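For the record, the sequence lines run as chains Z and C.
Heads up, the working numbering is the position in the first sequence plus 159, with the first residue counted as 1.
Heads up, the working numbering is the position in the second sequence plus 71, with the first residue counted as 1.
Glycine included, each C-beta is placed from N, C-alpha and C at the ideal position.
Keep in mind the model is a prediction, meaning the values are calculated, not measured.
Heads up, the thing below is written out as structure tokens.
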Amino acid sequence: MSNSENKISYISLIKNGIFSENPIFRVALSLCPAVAVTSGVKNGFMMGIAVLFVQIMVNITVSVVRKFIHPKVRIPSYMFIIATWVTVTDLSMAAFVRDIYAQMGLYIKLIVAFAIILSRAELFASKQKITPSFFDGLGNGIGFLFALVIIGFFRELLGKGSLWGYPIVDTKPLLIMILPTGGFFAVGILMGLFNWIDMKFFGGGGASGGGH
Amino acid sequence: MEFGKLFELFIAAALINNFVFTRYLGLCIFFGVTKKMDTSIGMSITFTSVMVISAALNWVIYKFIMIPLGLGFLEIVIFIGVVAGFVQAADTIMKKVSPGLYYKLGIYLALITTNCIILAVPLLNVSEGYNFIESMFFGFGSGVGFSLAMIIMASIREKLELADVPKAFQGLPISFIITGLIALAFLGFSGLITL
Numbered sequence: 160m161s162n163s164e165n166k167i168s169y170i171s172l173i174k175n176g177i178f179s180e181n182p183i184f185r186v187a188l189s190l191c192p193a194v195a196v197t198s199g200v201k202n203g204f205m206m207g208i209a210v211l212f213v214q215i216m217v218n219i220t221v222s223v224v225r226k227f228i229h230p231k232v233r234i235p236s237y238m239f240i241i242a243t244w245v246t247v248t249d250l251s252m253a254a255f256v257r258d259i260y261a262q263m264g265l266y267i268k269l270i271v272a273f274a275i276i277l278s279r280a281e282l283f284a285s286k287q288k289i290t291p292s293f294f295d296g297l298g299n300g301i302g303f304l305f306a307l308v309i310i311g312f313f314r315e316l317l318g319k320g321s322l323w324g325y326p327i328v329d330t331k332p333l334l335i336m337i338l339p340t341g342g343f344f345a346v347g348i349l350m351g352l353f354n355w356i357d358m359k360f361f362g363g364g365g366a367s368g369g370g371h
Numbered sequence: 072m073e074f075g076k077l078f079e080l081f082i083a084a085a086l087i088n089n090f091v092f093t094r095y096l097g098l099c100i101f102f103g104v105t106k107k108m109d110t111s112i113g114m115s116i117t118f119t120s121v122m123v124i125s126a127a128l129n130w131v132i133y134k135f136i137m138i139p140l141g142l143g144f145l146e147i148v149i150f151i152g153v154v155a156g157f158v159q160a161a162d163t164i165m166k167k168v169s170p171g172l173y174y175k176l177g178i179y180l181a182l183i184t185t186n187c188i189i190l191a192v193p194l195l196n197v198s199e200g201y202n203f204i205e206s207m208f209f210g211f212g213s214g215v216g217f218s219l220a221m222i223i224m225a226s227i228r229e230k231l232e233l234a235d236v237p238k239a240f241q242g243l244p245i246s247f248i249i250t251g252l253i254a255l256a257f258l259g260f261s262g263l264i265t266l
């Protein structure tokens, strides 16, 4: 019985990460990569995978060592845990996916400064056992991946007329969508859309948070 | 060291490769603090000074400690440690030396450590191979560019309070669209200087 209850709560952890607490559209944390790497679906997907990996590993590590860290030095300790896993990701990507890394290397390094990863470590993993922390990381990571892929989908389709590098539409593309401007437009419009859906169908208060 | 090249570096960092509008960095803080003009100005001062000092500090550490020891691959861990340590030290010193300034700017200092824009300056300095003076000018230019972006945005958002925006778009979504429009204007600076 308790087993099935656990399963439900794990699923709800993942669902929270994707919808009601989606890192980009709802909580509005870590917005830089949402605009920076989403000029194509492929880049957005790779960035999402990197964040997913870092988030899960950080959550697990923090959860494992949570009893050994003195509360006063916890934030610096978490920063070093995050920085270590980001270095691992950064060097692996530099070795295995060279062409993509060349375009977005700086942003991979800057995963270390993502507020979302630190906030999940602080709010969730530092108080929970390993398994729930893993699922929380999975949910948030997937939510992030989902948001990046959606933004990338619209920008690449409208801006280049292709998806994942393969041409789809044969008309003249809207160049503006792959310029910096287009990234801000796409995120703004999708965020508004998410708010609208939330208000219309789920009775939410609209107006997402924001801040650091 | 010719002055012209440094000036070009400064203009390029502040206008052409503006951190917010063309490199898309520091967006969290950009959208977080630009609701009011006062906070934006306080944030601009703190950010610019921290960026210049951390650029200089990290350059020295990279050149004289990390390279001789072959620790280049640890740049992320070390840079974030240096910035965090420096910000903490500045916080403590400011509290003792000038409490007045501390109450004005202290809260911003706490937010700075985990910010991508502060970390991006030393990382870019390393990847572009700037020397000591160039690194500091790059940090300064980036800081001025970021300040410019925040002050423009804050003055627009203060007016926006009075505008009639559809409910779903209130707050962040409309701010993103406005930022897009400013980014479009900043596109005009590209080609101003060819480095």
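Spatially closest choice to Phe298(Z) from Pro339(Z), Gly203(Z), Ile208(Z), Val196(Z), by CA coordinates | First, the amino acid is wrong: residue 298(Z) is Gly here, not Phe. Ranking Pro339(Z), Gly203(Z), Ile208(Z), Val196(Z) by Cα distance to Gly298(Z) puts Ile208(Z) first.
Chain-ordered chain C contacts of Ala242(Z) [CB-CB under 7 Å] = Ile147, Val148, Ile151
On the three-state DSSP scale, how would you describe Pro139(C)?
-> helix
Using a threshold of 9 Å, state whether the C-beta atoms of Phe157(C) and Val121(C) are closer than that.
-> yes
Determine which residues share a DSSP beta bridge with Thr326(Z) and list them.
-> According to the sequence shown, residue 326(Z) is Pro rather than Thr. According to DSSP, which records beta bridges pairwise, Pro326(Z) is partnered with Ser321(Z).
Which residues in chain C sit within 8 Å of Lys331(Z), going by Cβ to Cβ distance?
-> By Cβ distance, chain C contributes nothing, its closest Cβ being about 19 Å from Lys331(Z), past 8 Å.
Say whether the stretch 328-339 of chain Z touches the stretch 209-221 of chain Z, bearing in mind that this needs 3 or more beta-carbon pairs closer than 8 Å, one atom from each stretch.
-> no
Which residue's Cα is closest to the Cα of Ser292(Z): Phe184(Z), Ala193(Z), Met216(Z), Ile177(Z)?
-> Selected option, being the one with the closest Cα: Met216(Z).
Mind checking which residues open and close the alpha helix (DSSP H) that includes Ser115(C)?
-> 108-132
Cβ separation of Val215(C) and Thr119(C), assumed to be a contact under 8 Å, to the nearest whole Å | At roughly 6 Å, the Cβ-Cβ gap stays under 8 Å, so Val215(C) and Thr119(C) are in contact.
Determine the contact status of Cys187(C) and Leu188(Z), defining contact as a CB-CB distance below 9 Å.
-> no
Is Ser226(C) near the ligand NAD, going by C-beta to nearest heavy atom under 8 Å?
-> Only the bare structure without any ligand can be found here, which leaves the ligand NAD out of the picture.
State the start and end residues of the unbroken alpha helix (DSSP H) segment that holds Arg185(Z).
-> It is not in any alpha helix (DSSP H) - Arg185(Z) carries neither H nor E in the DSSP assignment.
Given that Ile248(C) touches chain Z, what residues does it touch there, using C-beta distances under 8 Å?
-> Phe343, Phe344, Gly347, Ile348
Checking contacts by CB at 9 Å: is Phe144(C) closer than that to chain Z?
-> Cβ-Cβ to chain Z under 9 Å: yes for Phe144(C).
What does Ala268(Z) reach in chain C if we use C-beta pairs closer than 7 Å?
-> Sequence inspection shows Lys at residue 268(Z); the Ala mentioned does not correspond to that position. By Cβ distance, chain C contributes Ile147, Leu194.
Put Glu232(C) into one of helix, strand or coil per three-state DSSP.
-> Glu232(C) falls in the coil class under three-state DSSP.
Which bits of chain Z does Tyr201(C) rub up against, with CB to CB less than 8 Å?
-> Ordered by position in chain Z, no residue passes the 8 Å Cβ test against Tyr201(C), which lies about 15 Å from the chain.
Contact between the stretch 217-230 of chain Z and the stretch 96-116 of chain C: three or more CB pairs below 8 Å?
-> no
Step through the CB atoms of chain C and report whether any lies within less than 9 Å of the CB of Asp258(Z).
-> no
Proximity to Ser171(Z) [Cα-Cα], best of Asp295(Z), Gly324(Z), Ile337(Z) = Asp295(Z)
Quick one: list the residues of chain C neighbouring Ser189(Z), beta-carbon separation under 8 Å, in chain order.
-> The contacting residues are Cys99.
List the endpoints of the continuous alpha helix (DSSP H) containing Met358(Z).
-> 339-361
Could you check the C-alpha separation between Gln262(Z) and Phe312(Z) for me, to the nearest Å?
-> 18 Å
Indicate whether at least one CB of chain Z lies closer than 9 Å to the CB of Tyr125(C).
-> For clarity, residue 125(C) is Ser in the given sequence; the question names Tyr instead. So no, Ser125(C) is outside the interface.
Applying the criterion that 16 or more other CB atoms from any shown protein chain within 10 Å of the CB defines a buried residue, is Gly75(C) buried or exposed?
-> Within a 10 Å sphere around the beta-carbon of Gly75(C) sit fewer than 16 other beta-carbons, which makes this residue exposed.
For the stretch 192-206 of chain Z, enumerate the residues whose C-beta is nearer than 7 Å to any C-beta of chain C, in chain order.
-> Val194, Ala195
Hey, does Phe74(C) have any beta-carbon neighbour from chain Z nearer than 9 Å?
-> No, Phe74(C) does not count as interfacial toward chain Z.
Measure the alpha-carbon distance for Asn88(C) versus Phe273(Z) and round it to whole angstroms.
-> 21 Å
Residue-chain proximity (Gly214(C), chain Z), Cβ-Cβ < 9 Å = For Gly214(C), the answer is no, since every Cβ of chain Z falls outside 9 Å of its Cβ.
Closest by CA to Ile164(C), which one among Phe135(C), Thr250(C), Gly177(C)?
-> Closest option to Ile164(C), Cα to Cα, is Gly177(C).
List the endpoints of the continuous alpha helix (DSSP H) containing Ile249(C).
-> 243-257
For Ala193(Z), which residues from the same chain have a beta carbon less than 7 Å from its beta carbon, with the 5 sequence-adjacent residues on both sides left out?
-> Hits under 7 Å: Ile183, Ala306, Leu307, Ile310, Val346.
For Lys286(Z), count neighbouring C-beta atoms within 10 Å of its own C-beta (all shown protein chains included) and say buried if the count is 16 or more, exposed if not.
-> exposed
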